[in-house]
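So the sequence shown is residues -25 to -1, 1 to 510, counted in mature numbering (1 follows the signal peptide of the UniProt record, and there is no 0).
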Amino acid sequence: MNLGWWWRLFAGALAGFLFFHGFAATETAPNYSFMYDATSASTLSYYDYIIVGGGTAGCPLAATLSQNATVLLLERGGSPYGNPNLTKMASFGAALSDLSRSSPSQRFISEDGVINARARVLGGGSCINAGFYTRASDEYIKQAGWDGRLVNESYQWMEKSVAFEPSLGQWQSAVRDGLLEAGVMPSNGFTYDHIYGTKVGGTIFDQQGNRHTAADLLEYANPSGLTVFLHASVHKILFAIKGKRRPKAHGVVFRDATGAKHKAYLKQGSKNEIIISAGALGSPQLLMLSGVGPAQHLKSHDITVVLDQPLVGQGMSDNPMNAVFIPSPLPVEVSLIQVVGITHFGSYIEAASGENFAGGASSSPAVEYMNNLDETTFRGGFILEKVMGPISTGHLELRTRNPNDNPSVTFNYFKDPQDLQRCVQGIQTIEKIIESKAFFRFRYEFLSWPILLNMTANAPLNLLPKHYNPSMPLEVFCKDTVMTIWHYHGGCQVGKVVDLDYKVLGVDALRVIDGSTFNDSPGTNPQATVMMLGR
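Take a look at the structure:
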């Protein structure tokens, strides 16, 4: 049998799926009267609230605050609406392959050697993710000290416009039934709730395959209370220090696409605040650029220290993800994450499938494979496992003083042995699914489990050196094939950088509201909880 042919199939499919599948939004663009390009901003303006980052948290936050106050929302990217690449689930991934400066996705590579992405678009990560919608567990909500009733009301407020029940095709149904055969019990049917067992979760794609993002939640804004500037890159938070007991945030400096400088200040008022919602990379980065961070590090970049806060940029985590590609002898539906197995050992099992793995590929080691392959060779899907938590943490540092440049970030994947053990058990569960009766017709009998693992281990998944061969333990497979599922978090954590009300410790009139405040990633996939937090 010609395994070289299978290897070409696999490399093309894997690279095509993981790195080169785009991005979608609602088909009909809402006519937001309050949305402008930052070039039209005045050089000086005043608001009750200034929100930095129109992402998954920033959009619902702005819509909510605009009901009773004047709000400025500053987004460094453009609008998700009206871009032909940003409409359909079937074209998921084009944004991730777009490496241009105007791309809605900004690629970064962690010091660990894992290729990653951060959003640069109104709606944030909800515009470029795989769309899975699921809530945090009751235990997570309790540990966070949140008001359970308010949490439920906030989830429901979003769910009426951005969350849907997916239609399960044959392949996803086989994964669901395989999970049950593998012992990930009980069957919990369709639910947004986080419960042990196997379930069908929600999705932000509607039945027509259109994406509904956090930007859609701006439909609930009070148009006379909100101003949104696009392509507005915030360079620093301004602090009033003279005559103050401690530094007080009172304005921001931002630049438009031409590089012209603008300043926005808070109006007089005891409740008025600046809120950073720039994401797990952007929020700690902006605090540091504004003089709040580890003093020695700031001084090395010639940044004036406003507050020596050594914990800014600490506690960075990214949930490790490892996947196995299974070529299928039968056609399979195009599907993103729909089913999840929530195990007791601390791994989440999810899956995605489709013949359109190559859609939207613009440049990749995979393109040369894909161009020469028949479309049937892209049949198949991925079953992946994601480690909960994780326990392993790293840190973030500035590379430059330009907020548009990526900071340096280290996640230290699998540094903690428990994370590694959870990966191993997750991979063992994937084997059970593939060997199950339910999944049997979606795999080739001659492609044994060791061959499937070896195909994955030899694919260009990351920039790490390769060691794995089938005689080695799964621990080596986990380390060699680690990828991101884009759920990185930390850098401005509760109890370290912000208090339980998300106020930045040691300064006044400044909060952080986004995934940078998390100690662990909520639920199996975090976007629902990030939106909820903003609301």
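Don't be surprised by glycine CBs; every beta carbon is placed ideally from N, CA and C. Fair warning: this is a prediction, and the values are worked out from it, not measured in the lab.
Item, Value
"To the nearest whole angstrom, what separates the beta carbons of F300 and M430, a pair I think is in contact under 8 Å?", "7 Å"
"Considering Cα atoms alone, identify which of E194, D152, S148 and S136 is closest to S185.", "Inspection of the sequence shows that residue 185 is occupied by Asn rather than by Ser. When each option's Cα is compared against that of N185, the closest is S136."
"In terms of alpha-carbon separation, which member of L154, I250 and G98 lies closest to D476?", "I250"
"Using CA coordinates, which residue listed in A149, M10, F67 and V315 is at the minimum distance from E360?", "V315"
"Residues in its own chain within less than 7 Å of A44 by CB, not counting five upstream and five downstream?", "D23, Y24 and G200"
"Please state whether the Cβ-Cβ distance between H237 and A207 is less than 9 Å.", "yes"
"Take R486 and list the residues in its own chain whose beta-carbon comes closer than 8 Å to its own, dropping the five residues that flank it on each side.", "E248, I249, I250, I251, V473, D476, Y477, K478 and V479"
"Taking 8 Å as the limit between beta carbons, can you name the residues of its chain near A374, skipping five residues before and five after?", "Residue identity check: residue 374 is Arg in the sequence provided, not Ala. Contacts found: D380, N381, P382 and S383."
"State buried or exposed for P489, treating a residue as buried only when at least 16 other CB atoms are found within 10 Å of its CB.", "Note on identity: in this sequence residue 489 is Asp, with Pro being the wrong assignment. With 16 or more other Cβ atoms within 10 Å, it is buried."
"Measure the Cβ-Cβ separation of A413 and A105 and say whether it is below 9 Å.", "no"
"Can you give me the C-alpha to C-alpha distance between V399 and V457, rounded to a whole angstrom?", "12 Å"
"Identify the continuous beta strand (DSSP E) that holds P35 and give its terminal residues.", "Where P35 is concerned, there is no enclosing beta strand (DSSP E), although the alpha helix (DSSP H) it sits in stretches over G33 to L40."
"Could you tell me if L19 is buried or exposed, where buried requires 16 or more neighbouring beta carbons within 10 angstroms of its beta carbon?", "exposed"
"Let's see if you can read the secondary structure: which residues bound the beta strand (DSSP E) around Y477?", "Per DSSP, Y477 belongs to no beta strand (DSSP E) and is neither H nor E."
"Between L213 and V227, which are expected to be in contact by the criterion C-beta below 8 Å, what is the C-beta distance as a whole number of angstroms?", "6 Å"
"When the Cβ atoms of the segment 186 to 193 are set against those of the segment 88 to 103, are three or more pairs found closer than 8 Å?", "yes"
"With H, G and I counted as helix, E and B as strand and the rest as coil, what does DSSP make of L143?", "coil"
"Provide the residue span of the beta strand (DSSP E) that contains residue 522, from first to last.", "With the chain covering -25 to 510 only, the question about residue 522 has no answer from this structure."
"With distances taken from CA atoms, which of K63, R397, Q468 and L49 is nearest V287?", "Q468"
"Please list, in chain order, all residues of the same chain as N387 whose beta carbon is under 8 Å from its beta carbon, the five residues on each side excluded.", "D87, S367, T368 and G369"
"Which same chain residues, not among the five before or five after I116, have their C-beta less than 7 Å away from its C-beta?", "G123 and V126"
"Please tell me whether I409 and I358 are closer than 9 Å, where the distance is taken between their beta carbons.", "yes"
"Let me make sure I understand the geometry here. Which of G28, F180 and K174 has the alpha-carbon closest to that of M63?", "Residue 63 is actually Lys in this sequence, not Met. Closest by alpha carbon: F180."
"Indicate whether the contact test is met: 3 or more Cβ pairs, each with one atom in the segment 302 to 310 and one in the segment 142 to 156, closer than 8 Å.", "yes"
"Got a sec: does the ligand NAP put a non-hydrogen atom nearer than 8 Å to the Cβ of L262?", "In the structure on display, the ligand NAP does not appear, and there are no ligands present to speak of."
"Please classify R416: does DSSP put it in a helix, a strand, or coil?", "helix"
"I need the DSSP call for R230, collapsed to helix, strand or coil.", "strand"
"Cβ of I460 less than 9 Å from any chain D Cβ?", "Among the protein chains of the structure shown there is no chain D, as only one such chain exists."
"Determine the contact status of A70 and S80, defining contact as a CB-CB distance below 9 Å.", "yes"
"Identify whether T456 lies in helix, strand or coil by the three-state DSSP scheme.", "coil"
"Using DSSP with H/G/I as helix, E/B as strand and the rest coil, what is Q271?", "helix"
"Skipping 5 residues on each side, what residues in its chain have a beta carbon closer than 6 Å to that of P365?", "S292, N294 and D394"
"I need the boundaries of the alpha helix (DSSP H) containing L262, first residue and last residue.", "G254 to L264"
"State the DSSP-derived secondary structure class of residue 511, mapped to helix, strand or coil.", "Because the chain here runs from -25 to 510, residue 511 falls outside it and cannot be looked at."
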